[in-house]
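Chemist: Numbering (mature numbering (1 follows the signal peptide of the UniProt record, and there is no 0)), first residue to last: -24 to -1, 1 to 224. The beta carbon of each residue, even a glycine, is placed where N, CA and C say it ideally should be. Bear in mind the structure is a predicted one, so any value in this text is a computation, not a measurement.
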């Protein structure tokens, strides 16, 4: 893509500051529900769903997993599976996805309305498959402004953190950078914390000690497989509602 946006640069900087590169290679693939190609959907017997989720990204995957505990759910993702793609799975290949412009790339470049060059995901797991892997809880003000129940939000964090979030090991040069930030006045020092706080901190990472990425797609392992259907390479052109007044 040639250029890199300020937002992407900041994410990469945070990633380099707090995540240690590891050469490990072993990590178990989560026990997921079957991942079907959309082209095979016509071969599946007719099914009805309580919920149809368009987009199997950072929000779509955990939403599908939790809803499937009580309801029949169809999850539609326009991209493919992240599993088996080393450019997604391993830390040292992180940069390759962002520059991959091939048809089947999990990352798609775009320019925002204000002219910022960036990338968006096209893969099950969404942005967690192509980003720098830095994890932090939301700013309390953001939660309040969104009108969400703060207590319920706080109760939900551990469900994600126990499954895909890790504490990074800090290399000597990273410790030096941390100390430099504090010396420059970026304070206070908050240590290791998931909370969104002012100052300097060491946040979480979705890369484990072996340098293997754990994405939102892994959260589908918590789903009820009997209630969840996942279709890949599934594009949605429009949504038709049937009401007592007809279709719209």
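Using 8 Å as the Cβ pair cut-off and three pairs as the minimum, do the segment 53 to 72 and the segment 99 to 108 touch?
Modeler: Contact between the segment 53 to 72 and the segment 99 to 108 is present, because at least three Cβ pairs lie under 8 Å.
Chemist: Only counting the same chain, and skipping five residues up and downstream in sequence, which positions put a Cβ closer than 7 Å to that of residue 88?
Modeler: Excluding sequence neighbours, residue 88 sits near 94.
Chemist: Considering only the beta carbon of each residue, do residue 32 and residue 111 sit closer than 9 Å?
Modeler: No, they are not a contact pair.
Chemist: My assumption, with CB atoms under 8 Å, is that residue 63 sits in contact with residue 72. Please give the rounded CB distance.
Modeler: At roughly 4 Å, the Cβ-Cβ gap stays under 8 Å, so residue 63 and residue 72 are in contact.
Chemist: If you drop the 5 nearest sequence neighbours on each side, which residues of the same chain put their C-beta closer than 7 Å to that of residue 226?
Modeler: It is not possible to answer for residue 226, since the shown part of the chain is limited to -24 through 224.
Chemist: Can you name the residues that DSSP bridges to residue 99?
Modeler: Answer is 56.
Chemist: Just to confirm before moving on: does the CB-CB distance between residue 196 and residue 50 stay below 9 Å?
Modeler: Not a contact, by the Cβ cut-off of 9 Å.
Chemist: Helix, strand or coil: which one does DSSP assign to residue 169?
Modeler: Residue 169 falls in the coil class under three-state DSSP.
Chemist: Closest by CA to residue 185, which one among 141, 28 and 132?
Modeler: Considering only alpha carbons, the answer is 141.
Chemist: Using DSSP with H/G/I as helix, E/B as strand and the rest coil, what is residue 136?
Modeler: The answer is helix: DSSP assigns residue 136 an H, G or I state.
Chemist: Taking only three categories from DSSP, how would you classify residue 12?
Modeler: It is a strand residue.
Chemist: So residue 118 is in the alpha helix (DSSP H); what residue range does that whole segment cover?
Modeler: Start and end: 116 to 121.
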